[in-house]
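Engineer:
Numbering (this note's numbering), first residue to last: 35 to 106.
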């Protein structure tokens with residue numbers, strides 16, 4: 035079809051620099067929709083919830099993005 039939903043769970047690390055430096059485990063859970071424009075070209079709408087834990091305090095942030103998708 036022309037619309038393809040997707041979901042992902044990501045794990046990694048985050049580094050914060052500034053007045054002090056810190057390193058944290060990071061995770062993201064999200065998903066979105068890919069809209070097919072042509073056989074190798076699409077448009078993506080994506081949303082994620084990102085979790086980190088800097089300086090002993092948990093942080094949670096939402097991230098929304100959109101852009102071109104190239105399929106090979």
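Ideal Cβ positions, reconstructed from N, Cα and C, are used throughout, including at glycine.
Going by DSSP in three states, residue 74 sits in which element: helix, strand or coil?
Structural biologist: It is coil, neither helix nor strand.
Engineer: Just how far apart, CA to CA, sit residue 39 and residue 67?
Structural biologist: Using only the alpha carbons, I get a separation of about 4 Å.
Engineer: For residue 76, count neighbouring Cβ atoms within 10 angstroms of its own Cβ and tell me buried if that reaches 16, exposed if not.
Structural biologist: Per the 10 Å Cβ criterion, buried.
Engineer: Please state the DSSP three-state secondary structure of residue 53.
Structural biologist: If DSSP states are grouped into helix, strand and coil, residue 53 belongs with coil.
Engineer: Check whether the Cβ atoms of residue 61 and residue 81 lie closer than 9 Å to each other.
Structural biologist: No; because the gap between Cβ atoms is not below 9 Å, this pair is not in contact.
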